[in-house]
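**Q** Residue 684 is where the sequence shown ends in this note's numbering, and the numbering goes up by one at each step.
Don't be surprised by glycine CBs; every beta carbon is placed ideally from N, CA and C.
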Amino acid sequence: MAIHCISRHYGLLHSVRNDKITNCGNLSLVRHCEEERCSIYITNINNELDMFNNQLESIFSISNLKLSFSRIHSKTAGLDGVTPDEFAKNLDANLKTLHTEIISGSFAPEPFKRVQLQKEGKDDFRPIAISSVKDKVIQNVLSNALSAYFDKSFSNASYAYRKDKSHIKAIHRARDYIVQGFTEVLKSDVESFFENIDHDSLLKILDQHILDRRITRLVSLLIQNGLFEKQSYSHHQIGVHQGDSLSPLLSNIYLDQMDKFIENLKAPFVRYADDFVVLAKTREELEAHKKVLDEFLSTIKLRLNSEKTRIISVRDGFTFLGACFKGKDISIDNETLQRQISKLHKLAKSKLSFDKYIYATNILIESARRYLLQIVKDDSPQISYIQTALVDALSNRISKAKSSGEITTKSIFKEKLAKLQALSNNPKATSEAIYDLAIAKAYDKISLEKNAKAPMAPLEKKKREYAEQFAKSSTLYVGKIGLFLGLSKFKFTLKENGKVIKTVPVNQISNIVIASKSTGLSTSVVEMCAKNSIAIDFIDDNTYYAQLIGFNASISANAAKQLEVIQKNEHLHIAKEFIEGKAKNQLNFLKYLHRYHQKFDSHIDKIESSLKRLKIVETSGQSALMGFEGEMAAVYWDAVKLHLGEEVFSGRITQGASDPVNSALNYGYAILYGRA
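1) How do the stretch 131 to 148 and the stretch 160 to 172 stand: do at least 3 beta-carbon pairs fall below 8 Å, yes or no?
2) For the alpha helix (DSSP H) that contains Asp-206, what are its first and last residues?
3) Name the DSSP bridge partner or partners of Gln-250?
4) Using a Cβ-Cβ cutoff of less than 6 Å, which residues in the same chain neighbour Leu-254 once the five nearest sequence positions on both sides are dropped?
5) Comparing alpha-carbon positions, which option in Gln-245, Gly-86 and Ala-178 lies nearest Phe-120?
6) What does DSSP give as the partner residue(s) for Glu-237 in the beta ladder?
7) Quick one, which of Asn-404, Ala-450 and Val-399 has its alpha-carbon nearest Gln-429's?
8) Using only CA atoms, which one of Leu-431, Gln-346, Ser-411 and Gly-659 lies nearest to Gln-382?
9) Give me the residue from Val-656, Tyr-675, Gly-653 and Glu-654 with the minimum Cα distance to Gln-663.
10) Report the three-state DSSP secondary structure of Met-59 (helix, strand or coil).
11) In whole angstroms, what is the alpha-carbon distance linking Leu-491 and Asn-505?
12) With distances taken from CA atoms, which of Pro-668, Lys-507, Ile-509 and Ile-517 is nearest Leu-484?
13) Can the beta-carbon of Leu-287 be found closer than 7 Å to that of Val-193?
14) Per DSSP, what kind of secondary structure is Glu-43 in: helix, strand or coil?
15) Return helix, strand or coil for Ser-166, following the three-state DSSP convention.
16) Nearest to Ser-139 by CA position, among Ile-80, Ala-101 and Gln-188, is which residue?
17) What do you get for Asp-93, buried or exposed, if any count of 16 or more other CB atoms within 10 angstroms of its CB means buried?
18) Among Leu-529, Val-322 and Ser-314, whose alpha-carbon lies nearest the alpha-carbon of Thr-290?
19) Touching or not, the stretch 378 to 394 and the stretch 535 to 546, by the rule of three or more beta carbon pairs under 8 Å?
20) Hey, out of Ile-574, His-249, Asp-267 and His-107, whose CA is closest to Lys-74's CA?
21) I want to know whether the stretch 306 to 314 touches the stretch 203 to 219 - three or more CB-CB distances under 8 Å.
22) Determine contact between the stretch 632 to 652 and the stretch 576 to 591, defined as no fewer than three beta-carbon pairs at a distance below 8 Å.
23) Start and end of the alpha helix (DSSP H) containing Asn-540?
24) The ligand GDP heavy atoms versus the CB of Ser-71: any closer than 6 Å?
25) Give me, in chain order, the residues of the same chain whose beta-carbon lies closer than 6 Å to that of Glu-43; leave out the 5 immediate sequence neighbours on both sides.
26) Ends of the alpha helix (DSSP H) at Glu-292?
27) Using only CA atoms, which one of Ile-582, Leu-633, Ala-583 and Ala-647 lies nearest to Asp-613?
28) To the nearest angstrom, report how far apart Leu-556 and Gly-494 are at their CA atoms.
29) CB-CB under 7 Å to Lys-705, same chain, minus the five flanking residues each way: which ones, in chain order?
30) Helix, strand or coil for Tyr-262, going by three-state DSSP, please let me know.
31) Report the three-state DSSP secondary structure of Leu-622 (helix, strand or coil).
32) Since I believe Asn-233 is in contact with Pro-135 (beta carbons under 8 Å), could you give me their beta-carbon distance rounded to a whole number of angstroms?
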């Protein structure tokens, strides 16, 4: 029978077993606990029928062992070096031996083999424990038998490692809560959860539910099994092994305690493994929930990850399980999107045969369809972005196969590419539409490479000269569509299709210019720029529309000085100096042109005349000064039109320009505007 101690202060604390209390049917009893402010609440009293009452012999039948082996898909051997194929050569005999060892109690698992797998898109690694084949068979049997029993009692808000639950359902459940008006989010995860599960606490939970103690002892044996990394053995006294098939179930059993606690708070939440969000309508509610949740987790020897725990307003946006939430909208998180695209391009560069390349690409497409593309609708720009990346990757692989002679005709390419899966249900994303475009693009590329063999040395030399100049510049310009600006180890990183194309040390940059609507920007970049007084200018259609500056940026001091000048009525004198300086620069440039073209006499005379009048006039008002500036500018731009020709430059256009000259001028002014 299960006895639950409920604190009036913050809900479920712990469970203990008391075999002396007899079955009371559906009766609920309340007794006082010696703990202050607590009472014993006995509910759903477990008799043998309520418990997992299958015996060890029944779940470890030969047929169950054989079914369990059939579900092992990995080809990897454990520490004993036995692969699944080798185990299968004497399958019946091996399973019979395993069965005898389990029933007799003589079974001993092989130590795990630890390997380090690099985390996707990151520099750090995740330790994975690889079991022997026979141990995988045991884990599968236990997981299969116990999952059906425990799953019935799990919280509906738990979405990981459960039948009919998934990442996608968790994401949409979170969005449903937001649509219902829960606008504040506590986003967190449990710090090093799998590594910190307490064995004694876990086994006590299992003991309350599993009638046959031999099954619990077998689980105990498996979770305490040590591991070898190279020649070094490590005991395993805490945590569950990531990589074995039993750990997901055990992790859900252990963290179900937290689920029940949050449910007792009457707070909507969604959990996927150790990642979770709790939602509320006010920030104050979440602050209270966080406080008691911290206290509760300490009772089961866990704690929140302080670095990843924060309370956020939905309108400010947050990411959860690879999805970006902003208001009621959800999209694919940009870093997740870039990783998917990077995989496509990396695969296209592999040395796989074309047939194997198509097979591997289909696996990526299926993965994207099953997960990423379920986050957004078929007509989402993000799906178009992935489709463009897929076409580019395919065209590169087609070009490579054609150039190497692996495949020689379009008909063979079409035959092989016909096996390609559709990216989405959008008619524009059918496999035929994708591979037709990829083939055309690849053949265009091959044709251009053949016909573009003009001497490149002079062009490459100039390219290098200007590249060196730009590299020394203190401004980072980002203008190409689809780029993502991130931060890694005190360097700004520019990624295209998930691949890093440029890195620049932070200390070399004083200004960043974002000149494309489709540029992605990480919050780490914003934070680094704010701390280092690096302004971020945003330009659209060659027009400056926003600037991001740090709270300690020098622009604040400049603004204060400008205000002081205005209050002292000195601003018009400074404006007059600016206008004179600008006009002199224009005049000098026209004199330089006149030296070689002899056609700007009248323009030079007019500007000189205006400058003389400007010098003697009193700075009586802003409109008078602007009149002088406009007068001289009109003469200057008329001279530029005369020099370039009206078909190239018909006059100065400050907004909505489509010609190259005005577009370039507007672009430059937009950058300068952010610095003025």
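**A** From the atom records:
1) At 8 Å Cβ cutoff, the stretches do not touch.
2) Counting along the chain, Asp-206 falls outside any alpha helix (DSSP H), and DSSP gives it neither H nor E.
3) The partner list for Gln-250 (beta bridge, DSSP) reads Asp-252.
4) Cβ within range, chain order: Gln-147, Leu-150 and Ser-151.
5) Cα-wise, what sits closest to Phe-120 is Gly-86.
6) For Glu-237, which the question treats as bridged, DSSP gives the partners Ser-240.
7) When each option's Cα is compared against that of Gln-429, the closest is Val-399.
8) Closest option to Gln-382, judged by alpha-carbon separation, among Leu-431, Gln-346, Ser-411 and Gly-659: Leu-431.
9) Here the closest residue by C-alpha is Tyr-675.
10) If DSSP states are grouped into helix, strand and coil, Met-59 belongs with coil.
11) Separation of Leu-491 and Asn-505 (C-alpha to C-alpha, rounded to the nearest whole angstrom) is 8 Å.
12) That would be Ile-517, whose Cα lies nearest to the Cα of Leu-484.
13) Val-193 is positioned such that its CB atom lies closer than 7 Å to that of Leu-287.
14) Confidence at Glu-43 is low in this model, with a pLDDT of 36, below 50, so the placement of that residue is unreliable and no value is reported for it.
15) In the displayed model, Ser-166 falls within a strand according to three-state DSSP.
16) Nearest of Ile-80, Ala-101 and Gln-188 to Ser-139, Cα basis: Ile-80.
17) Exposed, because fewer than 16 other Cβ atoms sit within 10 Å of the Cβ of Asp-93.
18) It is Val-322.
19) A contact between stretches requires three or more CB pairs, one per stretch, nearer than 8 Å, and the stretch 378 to 394 fails this requirement with the stretch 535 to 546.
20) Ranking the options by Cα distance to Lys-74, first place goes to His-107.
21) Contact holds: three or more Cβ-Cβ distances are below 8 Å.
22) The stretch 632 to 652 makes contact with the stretch 576 to 591, as at least three CB pairs between them are under 8 Å.
23) Under the DSSP assignment, Asn-540 falls outside any alpha helix (DSSP H); it carries neither an H nor an E label.
24) No copy of the ligand GDP appears in this structure; indeed no ligand is present at all.
25) In this prediction, Glu-43 scores a pLDDT of 36, lower than 50, which makes its location untrustworthy; the coordinate-derived value is nonetheless stated afterwards. Taken in chain order, the list of residues that qualify is empty.
26) 291 to 307 is the extent of the alpha helix (DSSP H) around Glu-292.
27) Closest by alpha carbon: Ala-647.
28) Rounded to the nearest angstrom, the gap between the Cα atoms of Leu-556 and Gly-494 is 16 Å.
29) Within the shown structure, residues of the chain are numbered from 9 to 684, placing residue 705 beyond reach of any answer.
30) The answer is helix: DSSP assigns Tyr-262 an H, G or I state.
31) In the structure shown, Leu-622 sits in a helix (DSSP, three-state: H, G or I).
32) In this structure, Pro-135 and Asn-233 do not form a Cβ contact; the two beta carbons are roughly 15 Å apart against a cut-off of 8 Å.
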